[in-house]
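Novice: Each residue of the sequence shown is one higher than the one before, counting from 120 in the numbering used here.
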Amino acid sequence: MTDIDLIKDKLNILDVVSSYVKLEKAGGSYKGRSPFTSEKTPSFFVSPEKGFFYCFSSGKGGDIFTFIQEIEKISFKEALVLLAERANVSLSSGKQSQESTNKKTKLYKLIDEVSRWYSIQLSQNKEALQYLSERGLNRETVQTFRLGFAPDAWTSAYDFLKQKNYQDEEIYASGMSTKKQGGTSFYDRFRSRIMFPLFDSQGRIVGFSGRIFPGEKDEKNAKYVNSPESVLFHKSDVLYGFHTAKKEITKKDFCILVEGQFDAILSQQVGFANTVAISGTGLTKNHLEQLLRFSNNLYLALDADSAGIQATKRSVSLAYSMGASVSIITLPQGEDPASIIKKSKELWEVAIRDAKNYIDYRLELLEFSEQLSFEEKRKVIYEDIFSFLGFVQSAITRDKYLQKIALFLGVDVDSVRLDFSEFFSQEKEEFLPQEKENEKIMRHKEKESPKEQILSKYIFLRELGIDIQEDFLKKISNLYSQLFQSKLEEDFSAVDQTKKNIDFFVLSEKYHLNQNPKDILESLLHDLYIQRIFEIEKHIDENNKFIKKAELRKDIDTVRSLLQATQDLSAEKRELQNHLNHH
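1) Whole-angstrom Cβ separation of residue 619 and residue 578, contact assumed at under 8 Å?
2) Report back the beta-carbon spacing between residue 234 and residue 267 to the nearest angstrom; my notes put them in contact at under 8 Å.
3) Buried or exposed: which applies to residue 451, given that a residue is buried once 16 or more other Cβ atoms fall within 10 Å of its Cβ?
4) Could you have a look at residue 183 and say whether DSSP puts it in helix, strand or coil?
5) Just list the beta strand (DSSP E) runs in the stretch 271-321, keeping only unbroken ones of 3 residues or longer that don't cross its boundaries, in chain order.
6) Apart from the five residues on each side of it in sequence, which residues of its chain come closer than 6 Å, Cβ to Cβ, to residue 552?
7) Looking at the structure shown, is residue 350 part of a helix, part of a strand, or coil, going by DSSP?
8) Excluding the 5 residues flanking residue 403 on each side, which residues of the same chain have their C-beta closer than 6 Å to its C-beta?
9) Measure the alpha-carbon distance for residue 437 versus residue 659 and round it to whole angstroms.
10) Hey, is the stretch 641-653 in contact with the stretch 186-200, meaning 3+ C-beta pairs nearer than 8 Å?
11) Determine the burial state of residue 135: buried for a count of at least 16 other Cβ atoms within 10 Å of its Cβ, exposed for fewer.
12) Report the rounded CA-to-CA distance for residue 389 versus residue 543, giving the unit in angstroms.
13) Out of 576, 445, 392, point me to the one whose CA is closest to residue 622's CA.
14) Just to confirm the assignment, what range does the beta strand (DSSP E) spanning residue 511 have?
15) Helix, strand or coil: how does DSSP classify residue 472 here?
16) Which full runs of the alpha helix (DSSP H) of 4+ residues lie inside the stretch 139-206, going along the chain?
17) So if DSSP puts residue 463 in a beta bridge, which residue, or which two residues, is it bridged to?
18) What residues in its chain sit with their C-beta under 8 Å from that of residue 312, if we drop five residues either side in the sequence?
19) Rounded to whole angstroms, what is the Cα-Cα separation between residue 665 and residue 688?
20) Would the beta-carbon of residue 194 fall within 8 Å of that of residue 177?
21) Kindly give me the distance between the Cβ atoms of residue 365 and residue 413, rounded to whole angstroms, as I take these residues to be in contact under 8 Å.
22) Could you tell me if residue 393 is buried or exposed, where buried requires 16 or more neighbouring beta carbons within 10 angstroms of its beta carbon?
23) Using DSSP bridges, identify the partner residues of residue 418.
24) Considering only the beta carbon of each residue, do residue 317 and residue 206 sit closer than 8 Å?
25) With C-beta atoms as the reference, is residue 208 less than 8 Å away from residue 132?
26) Which first and last residues belong to the alpha helix (DSSP H) in which residue 579 is found?
27) Should the stretch 242-257 be called in touch with the stretch 275-283, which here means at least 3 C-beta pairs below 8 Å?
28) If we call anything under 8 Å between Cβ atoms a contact, is residue 397 one with residue 420?
29) Would you be able to state if there are at least three C-beta pairs under 8 Å between the stretch 254-267 and the stretch 378-385?
30) Relative to the C-alpha of residue 280, which candidate in 236, 298, 259, 260 has its C-alpha closest?
31) With residue 132 as the anchor, note down where its alpha helix (DSSP H) starts and where it stops.
32) Determine the extent of the alpha helix (DSSP H) in which residue 672 is found, giving its start and end residues.
33) Please classify residue 328: does DSSP put it in a helix, a strand, or coil?
34) What do you get for residue 707, buried or exposed, if any count of 16 or more other CB atoms within 10 angstroms of its CB means buried?
35) Measuring only the C-alpha atoms, how far is residue 506 from residue 432?
36) Is the CB-CB distance between residue 321 and residue 226 below 8 Å?
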């Protein structure tokens, strides 16, 4: 049995899909609202018996691997690894690779266990719970994000994990313990801190961010301490809240990007579940590759101080270079999303609604910078705004901004146009968006080709058990071969059973099983006739073009040959049209 078969044998597609979509029983299948579109009437179906899903609103369908590829926007190889872990199946990838997988699996379990222990400690700490409540978090949110508390003790978490039979090396490798320089004894990395588990995109805990409690940072204690880099945790990959935001990012077609955990949690709590946080690091290419799988539209809400402005500039530049569309959520000085939400959910809604593109945002900041000289303003325009103006594809929109810049500087617009033209000609290469690798992997063919449509209908008839008479089968087989240069039966045999199950399900919905099978057979023949007529018309058009060229060359033999071929095609077309008229 292959790894794929073993995974399918251990995992029920209903269980896999149900972790993403709310499903209800509908006859022999289950149905729910599509996770791929924002539909109101459920048209997403899962068949546990046949092991497939199909979404009528998006046209997507397949087995558990296809579903994970589509919902997570990942490659087949990534889906295979993800589902293998879920099914506890060891992939056939060699002894060394298997040892590495087993080590990671044990570390995932270790971190998950200590997270549950931290949650218990929080439930017993009234002061910490009160603090979270004062920050605006409700009990459901605390549970959803699995917040916890690390006691003010040197080895409490370490002792708990040792009781669970974990080795010192494992606890240290997970990032939960550290040791003094030159020493041999271990102690807890996190002490007297509110614990925010850091999840990967699949919802597995890979590390922690601990906020000091009570009090603020001082010379000895940082306000936040994060897990170190490990085999599980890579800070350039982790986006806080991403595991709960993915579905909503797809539905709303934009992602709100904030800086801190509280910002992300509170934004999700008040209805903006499409919010994630970069959490202690700058926005990276890895972050953007994950986000752009789900939406091309980003809304940034970073700090309004000078460091925040520079961080925004770097983030927008990287996002633009990767083909993203970016809007800036402007925040009052000294405010962050969490403080605004605590005052009023409506204020946060307005801030999101009034988000500006980067150029408008930057010009607005400059307008309030009265202390800047003309040369300083011109330098910012040239080194900052021109860099982003190059990403504006519309020449009309670009010129509109150039006029704004001229008005802001108090100069003639033609001089600004000239400066930008020189800048753009030098930097043009930087403004070409990079094609996302995932687009190559996950490019979805929206509509089936005529060949696929006809083959699907034939599959439906065969799966239905219709007895196709020999002369009729010969007729459709000949037409099929003539049209597609392949044999109908061979193509039918090459289709895997999942595809056959999906085609049968989809066409069952269309035709209903009480429809006369003869009518369905006739519709198959009708489709073949229509496609052949379309092909004939194309050939006739091509022949007419060649005839004109041959006449110009005075190539009489070629003209006669093409005219005869065209007459034969026209005769075949008339015959097919007569067949259509009699059916």
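For glycine and all other residues, C-beta sits at the position ideal for the given N, C-alpha and C.
Specialist: According to the structure shown:
1) Residue mapping note: residue 619 aligns to position 500 of the sequence shown, counting from 1. Residue mapping note: residue 578 aligns to position 459 of the sequence shown, counting from 1. Indeed, because the Cβ distance is near 5 Å, the residues count as touching under 8 Å.
2) Numbered from 1 along the sequence shown, position 115 holds the residue referred to as residue 234. Numbered from 1 along the sequence shown, position 148 holds the residue referred to as residue 267. Confirmed, about 6 Å.
3) Here residue 451 corresponds to residue number 332 of the sequence shown, with the count starting at 1. Residue 451 sits exposed, since fewer than 16 C-beta atoms from the chains shown fall within 10 Å of its C-beta.
4) Here residue 183 corresponds to residue number 64 of the sequence shown, with the count starting at 1. Three-state result, residue 183: helix.
5) You should have 296-298, 305-307, 312-318.
6) On the sequence shown, position 433 is the one that residue 552 refers to. Annotation note: pLDDT 49 at residue 552 (below 50); position unreliable, coordinate value reported separately. Closer than 6 Å at the Cβ level, and outside the excluded window around residue 552, lie 442.
7) Looking up residue 350 in the sequence shown gives position 231. In the three-state reduction of the DSSP assignment, residue 350 falls in the coil class.
8) Here residue 403 refers to the residue found at position 284 when the sequence shown is read from its first residue. Same-chain partners within the cutoff: 355.
9) Reading the sequence shown from its first residue, position 318 is the one you call residue 437. Reading the sequence shown from its first residue, position 540 is the one you call residue 659. Residue 437 and residue 659: Cα-Cα distance of roughly 52 Å.
10) Short answer: they don't touch.
11) On the sequence shown, residue 135 is found 16 positions in, with the first residue counted as 1. Per the 10 Å Cβ criterion, buried.
12) The sequence position of residue 389 within the sequence shown is 270, counting from 1. The sequence position of residue 543 within the sequence shown is 424, counting from 1. Answer to the nearest angstrom: the Cα atoms are 43 Å apart.
13) On the sequence shown, position 503 is the one that residue 622 refers to. Comparing alpha-carbon positions, the option among 576, 445, 392 lying closest to residue 622 turns out to be 576.
14) Position 392 of the sequence shown, counted from the first residue, corresponds to residue 511. Judged by DSSP secondary structure, residue 511 falls outside any beta strand (DSSP E); it is assigned neither H nor E.
15) By one-based count along the sequence shown, residue 472 stands at place 353. Residue 472 carries a helical assignment under DSSP once its states are collapsed to helix, strand and coil.
16) Taking 4 residues as the shortest admissible run, the stretch 139-206 contains the following complete alpha helix (DSSP H) segments, listed from N- to C-terminal end: 183-191, 195-206.
17) Sequence index remark: in the sequence shown, residue 463 carries index 344 (1-based). Answer by DSSP bridge pairing: none, since residue 463 is not bridged.
18) Residue 312 sits at position 193 when you count from the first residue of the sequence shown. So the qualifying residues of the chain are 268, 269, 329, 330, 331, 332, 344.
19) Translated into the one-based positions of the sequence shown, residue 665 becomes position 546. Translated into the one-based positions of the sequence shown, residue 688 becomes position 569. Rounded to the nearest whole angstrom, the C-alpha separation of residue 665 and residue 688 is 15 Å.
20) If you number the sequence shown from 1, residue 194 lands on position 75. If you number the sequence shown from 1, residue 177 lands on position 58. Against a cut-off of 8 Å, the Cβ pair of residue 177 and residue 194 comes out as no contact.
21) As a position in the sequence shown, residue 365 is number 246, starting the count at 1. As a position in the sequence shown, residue 413 is number 294, starting the count at 1. With a beta-carbon spacing of about 6 Å, residue 365 and residue 413 fall inside the 8 Å limit used to define contacts.
22) As a working mapping, residue 393 is identified with position 274 in the sequence shown. Around the beta-carbon of residue 393, 16 or more other beta-carbon atoms lie within 10 Å, marking it buried.
23) Taking the first residue of the sequence shown as position 1, residue 418 is located at position 299. Beta-bridge pairing by DSSP links residue 418 to 375, 446.
24) By one-based count along the sequence shown, residue 317 stands at place 198. By one-based count along the sequence shown, residue 206 stands at place 87. No.
25) The residue you call residue 208 lines up with position 89 of the sequence shown. The residue you call residue 132 lines up with position 13 of the sequence shown. Pairing residue 208 with residue 132 gives a Cβ-Cβ distance that is not under 8 Å.
26) Counting from one through the sequence shown, the residue named residue 579 turns up at place 460. Residues 569-583.
27) The stretch 242-257 and the stretch 275-283 do not touch, with fewer than 3 CB-CB distances between them shorter than 8 Å.
28) In the sequence shown, counting from the first residue as 1, residue 397 sits at position 278. In the sequence shown, counting from the first residue as 1, residue 420 sits at position 301. No, Cβ-Cβ distance for residue 397 and residue 420 is not below 8 Å.
29) Yes: at least three Cβ pairs fall under 8 Å.
30) What you label residue 280 is simply residue 161 of the sequence shown in a count that begins at 1. When only C-alpha atoms are compared, the closest one is 236.
31) Within the sequence shown, the letter at position 13 stands for residue 132. Segment 132-137, the alpha helix (DSSP H) holding residue 132.
32) The sequence position of residue 672 within the sequence shown is 553, counting from 1. For residue 672, the enclosing alpha helix (DSSP H) covers residues 636-672.
33) As a first step, residue 328 must be located in the sequence shown, where it is residue number 209. If DSSP states are grouped into helix, strand and coil, residue 328 belongs with the strands.
34) Nothing can be reported for residue 707, as the shown portion of the chain is limited to 120 through 702.
35) In the sequence shown, the residue the question calls residue 506 occupies position 387. In the sequence shown, the residue the question calls residue 432 occupies position 313. Distance between the alpha carbons of residue 506 and residue 432: 10 Å.
36) For the purposes of this step, residue 321 is taken as residue 202 along the sequence shown, with counting starting at 1. For the purposes of this step, residue 226 is taken as residue 107 along the sequence shown, with counting starting at 1. 8 Å or more divides the Cβ of residue 321 from the Cβ of residue 226.
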